[in-house]
Each structure stands twice: as structure tokens, then as C-alpha cells.
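Working notes, beginning with the structure itself.
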Amino acid sequence: MRYLIVILALVMMAAPVYAVDPSEILKDPVLEKRARAISKGLRCVVCQNQSIDDSDAQLARDLRVLVRERLVAGDSDQAVVDYVVSRYGDFVLLRPPVKGATLVLWFGPVVIALIGIIGLVLFFRRQKKYAAEINRDIG
Amino acid sequence: MNRLAYYVPLVLLGILAVYFAAGLGRNPATLESVLINQQVPEFSLEPIEGSSKGLTNADLKNQVVLVNIFGSWCVSCRIEHPFLMDLKEKNIVPVYGIDWREPDRQAGPRWLKKFGNPYTLIGDDPKSRGAIAFGVTGAPETFFVDKQGVIRYKHMGPITEQIWNDTLKPILEALRKE
Numbered sequence: 002m003r004y005l006i007v008i009l010a011l012v013m014m015a016a017p018v019y020a021v022d023p024s025e026i027l028k029d030p031v032l033e034k035r036a037r038a039i040s041k042g043l044r045c046v047v048c049q050n051q052s053i054d055d056s057d058a059q060l061a062r063d064l065r066v067l068v069r070e071r072l073v074a075g076d077s078d079q080a081v082v083d084y085v086v087s088r089y090g091d092f093v094l095l096r097p098p099v100k101g102a103t104l105v106l107w108f109g110p111v112v113i114a115l116i117g118i119i120g121l122v123l124f125f126r127r128q129k130k131y132a133a134e135i136n137r138d139i140g
Numbered sequence: 548m549n550r551l552a553y554y555v556p557l558v559l560l561g562i563l564a565v566y567f568a569a570g571l572g573r574n575p576a577t578l579e580s581v582l583i584n585q586q587v588p589e590f591s592l593e594p595i596e597g598s599s600k601g602l603t604n605a606d607l608k609n610q611v612v613l614v615n616i617f618g619s620w621c622v623s624c625r626i627e628h629p630f631l632m633d634l635k636e637k638n639i640v641p642v643y644g645i646d647w648r649e650p651d652r653q654a655g656p657r658w659l660k661k662f663g664n665p666y667t668l669i670g671d672d673p674k675s676r677g678a679i680a681f682g683v684t685g686a687p688e689t690f691f692v693d694k695q696g697v698i699r700y701k702h703m704g705p706i707t708e709q710i711w712n713d714t715l716k717p718i719l720e721a722l723r724k725e
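Just so you know, the protein sequences line up as chains C and P, in that order.
Read left to right, the first sequence gives residues 2 to 140 (our numbering).
Read left to right, the second sequence gives residues 548 to 725 (our numbering).
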């Protein structure tokens with residue numbers, strides 16, 4: 002038990018390791034917070050399954066710096082995201098937008114689940130009906 | 548109830564299987580560019596060391612040109628380099644270069660001195676500003692820009708003789724006729 006506490010204490014002491022380099026961080030904490038939030042939603046186009054906030058790739062670093070520069074220049078969060086999307090496409094967004102081309106992606110699973118549930122309900126209803134008929138015939 | 552209804556799930560599964568099989572065969576590293584048929588985004592790059600003129604989007608107008616993203620660190624760029632030299636020597640099409648993320652200011656010029664310079668103009672791109680303008684994910688990448696300064700085609704990876712003859716040359720000829 003004592004060991005466990007020691008291990009837990011050590012784990013909690015360890016600061017999380019970020020890809021963000023201290024030299025990139027903005028002096029203004031509000032802007033930095035916005036930059037971090039934007040970076041977490043942008044895909045690193047080199048490593049693809051990481052956000053640029055998590056990635057050590059050089060292109061991800063350059064994109065992080067670009068995001069911060071545009072925020073400092075006075076761009077809104079949406080303007081910064083739009084800027085990156087205009088060059089890399091929706092692909093760069095880790096959360097794909099809901100629009101015509103992505104409707105199947107967003108709602109396909111719900112539709113398939115509904116079809117399954119309706120099928121199940123119909124199936125069991127018929128079973129019940131058959132059972133009732135058989136009971137009546139025997140009775 | 549119609550017995551055929553029992554085959555509906557199987558048919559649906561089949562359609563999904565075809566869809567996923569097609570998706571698996573695609574290479575996730577080659578992304579379709581959203582910049583195709585868009586004006587070259589604004590960018591302005593400093594010259595590389597030893598040169599007096601850099602590269603901006605304003606330079607890419609009035610004629611069909613190639614824009615090539617390269618770097619001395621990039622092995623595939625070294626592979627396609629002799630072919631770009633060929634394009635220059637035979638005066639086939641002007642190639643503009645974006646020298647992407649050199650480890651130091653001398654690396655790019657040294658590389659070009661050693662192997663030859665196929666580029667009409669070169670922009671130095673230490674902070675990926677040119678690369679991001681073109682939505683580049685890796686080097687080399689090459690773009691066709693038409694007379695109106697519109698990006699018309701993107702090729703990822705080195706240009707080989709075969710790719711040139713099969714794909715790029717016909718595009719060049721078509722764009723010149725416009």
C-alpha cells in the first residue's frame with residue numbers, strides 16, 4: 002500500500018509532456034489558450050492521427066506558430082481555422098463538419114442502428130403472434 | 548412476409564464491403580488538394596543566399612509554369628532533380644522552386660551548386676509559409692499553375708520520365724492551348 006502511494010505520488014508529480022515548445026508559447030495567456038484550443042482541433046497532415054498540438058513534426062510546429070501569429074494579428078478563431086482549411090481542406094479538421102458530403106459519416110450509423118432495431122421489433126412481434134396462434138390451435 | 552426480405556442485410560453488407568474495400572486500396576498519404584482551380588494563395592518568400600530575387604505569388608502569372616517544393620534534405624527530390632534539369636536544358640517549361648525548411652541558410656545553395664539549378668526563381672521557405680500556402684504535406688510536390696495564376700494540378704512525389712510522359716506532359720499541352 003505504501004509503495005502504491007509513493008508510485009501514485011511520483012506519477013502525479015510528472016508534468017505532462019507537450020509537443021509545444023516553450024519558445025512558441027505566447028505571452029498573452031488568453032491568446033495562448035485560444036491557440037491551444039485551435040491546435041487541438043487541427044490534424045497534423047504529416048502524421049495524420051495526431052493533432053498539431055500533439056505532434057513533434059516540423060510542419061505541425063510551423064502550423065502552430067502560424068496559428069499563433071494570426072491570433073496575434075487579430076484574427077478570430079474561426080478565421081484562423083478557415084485559413085488552414087482553405088489550404089488543406091476539411092481533412093485537416095479532426096472533427097469533420099456536418100455538410101452534404103459528410104452526412105453519411107455523421108448519420109449513417111444512426112440510420113443503420115434504426116434499421117436494425119425496427120427489424121428486431123418486427124421479428125419479435127411476429128414471434129409473439131405465432132406463439133399466440135400456436136397456443137390457440139393447441140388450446 | 549416475403550422471403551426475399553431476408554437477403555436485404557446481406558445485400559447491404561455487400562455494398563458496405565465494396566465501399567470499404569475501395570477505401571482500403573486508397574493511399575491516405577495522397578490527399579486531394581482543395582487548391583485545385585483556385586488562385587495561388589498570397590505568399591512572399593525571401594531569396595536563398597547568393598540570389599537577389601525571392602518568390603511571390605505575383606511571379607506565377609502570364610505563362611504555364613511548374614512550382615516545385617524541394618529541400619536538400621529530401622531524398623526523393625534528389626531523385627527527380629536530373630529530370631528537372633532536363634526540363635530546363637530543353638526549355639520545356641519554367642520551373643519555380645520553393646526551398647523548404649533547410650537546416651541552415653547554406654544547405655540549399657550548396658545542394659544547387661553541386662547538382663545544378665533547374666529553377667527560374669527560388670523562394671527560401673524556412674518557416675513553411677510557402678509550403679502551407681500550397682497545402683503541401685511532404686516533399687517533393689509539384690504544381691501546375693496556369694496563365695491566370697490558378698493552380699491546376701498537383702503531383703505528389705518525384706517526377707519521373709514515365710509520369711511526365713503519361714500525365715504531366717499532356718496537362719502542360721492542354722493548359723498551353725487555353
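Don't be surprised by glycine CBs; every beta carbon is placed ideally from N, CA and C.
Computed from a predicted model, the values in this text were never measured in an experiment.
Taken through DSSP and simplified to helix, strand or coil, N609/P comes out as coil.
Restricting attention to beta strand (DSSP E) runs no shorter than 3 residues, the stretch 614-657 of chain P encloses them at 642-647, ordered along the chain. Excluding its 5 nearest sequence neighbours in each direction, V581/P has C-beta neighbours in its own chain below 8 Å: G682, listed in chain order. Only those residues of the stretch 662-680 of chain P whose C-beta falls short of 8 Å from the nearest C-beta of chain C are listed: K674, S675, R676, A678, I679, A680. A Cβ-Cβ separation of about 17 Å leaves V93/C out of contact with R37/C under the 8 Å criterion.
Under the three-state reduction of DSSP, Y700/P is assigned to strand. Out of R625/P, T714/P, F590/P, D713/P, the CA that lies nearest to the CA of G696/P is found in F590/P.
Considering only A102/C, G101/C, K100/C, V82/C, the residue with the shortest C-alpha distance to K41/C is V82/C. Inside the stretch 32-99 of chain C, DSSP marks whole alpha helix (DSSP H) runs of 4 or more residues at positions 59-73, 78-89, from first to last along the chain. In this structure, DSSP gives E708/P a helical state, which the three-state scheme calls helix. One alpha carbon belongs to Y4/C, the other to L11/C, and they sit about 10 Å apart. In this structure, DSSP gives T103/C a helical state, which the three-state scheme calls helix. A buried status is given to V611/P, since no fewer than 16 other beta-carbon atoms sit within 10 Å of its beta-carbon.
Counting only residues of its own chain and dropping the five nearest sequence neighbours on each side, P665/P has a CB closer than 6 Å to the CB of L631, M632, K635, V642. With respect to I583/P, I698/P sits close: the two C-beta atoms are nearer than 8 Å. Contact between R648/P and S675/P holds: their C-beta atoms lie close to 6 Å from each other, under 8 Å. Where V587/P is concerned, there is no enclosing alpha helix (DSSP H), because DSSP gives it neither an H nor an E.
For D713/P, the secondary structure class from DSSP, reduced to helix, strand or coil, is helix. Under the three-state reduction of DSSP, E596/P is assigned to coil, being neither helix nor strand.
Non-local beta-carbon contacts of D22/C in its own chain, meaning distances under 8 Å to residues more than five positions away in sequence, involve R62 in chain order. Just so you know, the alpha carbons of W711/P and R723/P end up roughly 16 Å apart. Assignment of G670/P by DSSP, reduced to helix, strand and coil, places it in the strand class.
The beta carbon of Q51/C does not come within 8 Å of any beta carbon belonging to chain P, so the residue lies off that interface. A straight line joining the alpha-carbon of L571/P with that of Y131/C spans about 45 Å. Take the alpha-carbon of I39/C and the one of E33/C: they are about 10 Å apart. At a C-beta separation below 9 Å, S87/C has these neighbours in chain P: V581, L582, Q585, P588, G682.
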